[in-house]
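Structure first, then comments.
Residue numbers (the numbering used here), protein chains in the order written: chain A, 250 to 525; chain B, 250 to 525.
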């Protein structure tokens with residue numbers, strides 16, 4: 250059996266979990282709480298400034314587990330798809346500057362009803378940015394999203410699909426990000442975790458919980474322990490598959506966003522030790 | 250290319266679509282509109298009486314495409330699981346009496362966090378009722394539900410999984426029901442439709458649409474044409490796989506439930522001819 254964590258050495262605050270905090274507040278909050286990792290969001294990096302964000306984390310001794318997010322490749326016109334790829338190149342530059350372990354790719358929805366066509370556009374977009382990312386030492390992590398987001402956020406809906414897309418490249422170029430909220434329901438979850446890990450393609454592991462009933466399709470994720478996801482079992486599988494990197498707590502939830510940030514971080518630490 | 254339908258010979262009103270109607274109103278509504286099939290729900294059958302429901306449909310010349318629903322096998326105790334199996338036997342009896350083409354199985358959620366354990370309980374439950382159903386000439390159709398219902402309605406979340414479960418039995422005993430709302434997001438959809446159809450295991454086909462944004466996780470399905478699902482493409486695949494039976498319109502949507510039933514049926518006919 251996988252043992253509970255004895256410490257928070259691998260714990261990362263994904264900035265969205267304390268969405269009301271700006272970059273400085275989030276970095277300071279992690280430092281106060283002894284949380285050693287942070288996952289940054291591009292809008293908050295932009296608000297604080299790229300080099301300022303890097304310096305804030307560096308001065309606080311924080312490491313950057315990921316930058317969220319590139320992707321959103323499908324679009325109705327070639328010009329718009331080109332603009333999305335350019336934006337992904339900027340995201341790669343930012344990830345390189347920040348020293349992020351991985352650039353997370355949320356691949357985007359179809360511009361129309363053609364979901365297979367949109368998947369092809371995702372594949373084309375990734376192919377365009379891989380050489381650019383490789384030159385800058387940035388790994389790309391395809392994050393399959395829960396199928397309930399297929400129409401609005403990602404046509405990549407399963408770990409199997411994400412891993413198959415990643416396998417067109419080396420594990421140093423493209424891998425996958427396993428987020429329990431997105432994958433817990435999958436009958437193929439455990440074999441697919443093993444498959445993704447077999448050549449070192451698991452580039453990130455995100456935790457939260459699925460609460461019942463869900464208060465909102467987007468802002469309804471729960472704190473670990475409040476829902477039905479078998480967190481420790483999935484963590485064990487991800488570790489068995491070879492992943493020993495940072496574990497991000499990524500929670501979209503209005504009630505949690507309305508709490509004082511320090512309380513969220515304290516609760517996150519407690520639940521991480523109890524449930525992950 | 251699959252051609253649009255020229256008539257409504259295969260159209261079935263799933264009773265939930267006109268949820269405000271009781272059995273007599275639904276049968277009369279189908280008869281007025283020339284809809285040749287109806288899918289019945291057990292609560293409405295119970296309210297009208299079993300033999301009265303059968304006679305209503307028979308007198309109106311309606312055929313029963315399915316009875317909704319059996320299933321809900323997992324439970325916390327052996328006694329409760331036994332009670333669920335007994336209830337499924339009653340559902341088989343009702344389906345036999347009604348002459349329904351198939352008894353739809355919505356398999357149920359886990360009683361706790363153990364989703365794999367719940368799946369085993371589903372398999373055990375189906376194994377218990379197959380001989381009973383076979384003796385009464387009732388086919389069982391496992392309906393995979395959208396993964397967003399994994400915590401509350403079904404631990405069977407993909408067509409692949411449902412077909413694998415069905416394949417323990419003959420196609421005359423157990424098959425699958427393909428509902429576009431539940432499966433449209435699946436990267437393996439088309440190969441899995443072909444697989445399910447290869448030995449005649451597709452026992453039903455349900456249509457509706459995925460509207461954006463979704464007004465409600467349970468009551469947010471759309472009328473065909475109002476959303477993003479490639480209805481005609483999926484219908485073509487199901488037909489290519491050999492299914493030529495009734496096509497149920499099954500819509501859980503409060504706004505549609507609040508419309509006069511005759512208007513719903515008219516709209517359903519129009520959209521079926523335009524989009525399916």
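Note that CB positions come from ideal geometry on N, CA and C, so glycine has one too. Computed from a predicted structure; not experimentally measured.
Using a cut-off of 7 Å between C-beta atoms, extract the partners of residue i located in chain B.
i, result
"residue 369 (chain A)", "Those within 7 Å of residue 369 (chain A) in chain B number zero; the least Cβ separation is about 12 Å."
When the distance is taken between beta carbons, is residue j closer than 9 Å to residue i?
i, j, result
"residue 538 (chain B)", "residue 340 (chain B)", "Since the first residue shown for chain B is 250 and the last is 525, residue 538 (chain B) is missing from the structure and cannot be characterised."
"residue 400 (chain A)", "residue 445 (chain A)", "no"
"residue 479 (chain A)", "residue 443 (chain A)", "no"
"residue 431 (chain A)", "residue 498 (chain A)", "no"
"residue 367 (chain A)", "residue 376 (chain A)", "no"
"residue 425 (chain A)", "residue 411 (chain A)", "yes"
"residue 495 (chain B)", "residue 290 (chain B)", "no"
"residue 197 (chain A)", "residue 347 (chain A)", "Past the edges of chain A, shown from 250 to 525, lies residue 197 (chain A), and the structure says nothing about it."
"residue 452 (chain B)", "residue 329 (chain B)", "no"
"residue 279 (chain B)", "residue 311 (chain B)", "yes"
"residue 262 (chain A)", "residue 429 (chain A)", "no"
"residue 256 (chain B)", "residue 297 (chain B)", "no"
"residue 343 (chain A)", "residue 383 (chain A)", "no"
"residue 466 (chain B)", "residue 463 (chain A)", "yes"
"residue 427 (chain B)", "residue 364 (chain B)", "no"
"residue 281 (chain B)", "residue 493 (chain B)", "no"
"residue 345 (chain B)", "residue 386 (chain B)", "yes"
"residue 522 (chain B)", "residue 253 (chain B)", "yes"
"residue 486 (chain A)", "residue 438 (chain A)", "yes"
"residue 548 (chain B)", "residue 481 (chain B)", "The question about residue 548 (chain B) has no answer, for chain B in this structure spans 250 to 525."
Using a Cβ cut-off of 8 Å, pull out every chain A residue sitting near residue i, in sequence order please.
i, result
"residue 406 (chain B)", "434, 435, 436"
Whole-angstrom Cβ separation of residue i and residue j, contact assumed at under 8 Å?
i, j, result
"residue 276 (chain A)", "residue 306 (chain A)", "6 Å"
"residue 460 (chain A)", "residue 266 (chain A)", "The Cβ separation is near 15 Å, so there is no contact."
"residue 458 (chain A)", "residue 476 (chain A)", "3 Å"
"residue 474 (chain A)", "residue 520 (chain A)", "5 Å"
"residue 450 (chain B)", "residue 381 (chain B)", "Not a contact, Cβ separation roughly 20 Å."
"residue 269 (chain A)", "residue 510 (chain A)", "7 Å"
"residue 434 (chain B)", "residue 436 (chain A)", "Contact flag wrong, Cβ pair sits at about 15 Å."
Looking at chain C, is there any beta carbon in it that lies within less than 9 Å of the beta carbon of residue i?
i, result
"residue 523 (chain B)", "This model lacks chain C altogether, as its protein chains are A and B."
Practice item. Examine the Cβ distances between the stretch 403–418 of chain A and the stretch 333–343 of chain B and report whether three or more of them are shorter than 8 Å. Key: no
Check your understanding: Listed in chain order, which residues of the stretch 458–491 of chain B have Cβ atoms closer than 8 Å to some Cβ of chain A?
Key -> 459, 461, 462, 463, 466, 476, 477, 478, 479
Check your understanding: Do the stretch 369–384 of chain B and the stretch 372–387 of chain A meet, that is, are 3 or more Cβ pairs less than 8 Å apart?
Key -> no
Point to revise | the stretch 349–368 of chain B in contact with the stretch 293–306 of chain B per 3-pair CB rule at 8 Å | key: no
Point to revise | Members of the stretch 343–369 of chain B near chain A, C-beta cut-off 9 Å | key: 358, 359, 361, 362, 363, 364, 365, 368
Check your understanding: If contact means a Cβ-Cβ distance below 7 Å, which residues of the stretch 371–400 of chain A contact chain B?
Key -> 395, 396, 397, 399, 400
Check your understanding: Listed in chain order, which residues of the stretch 409–433 of chain A have Cβ atoms closer than 8 Å to some Cβ of chain B?
Key -> 409, 410, 433
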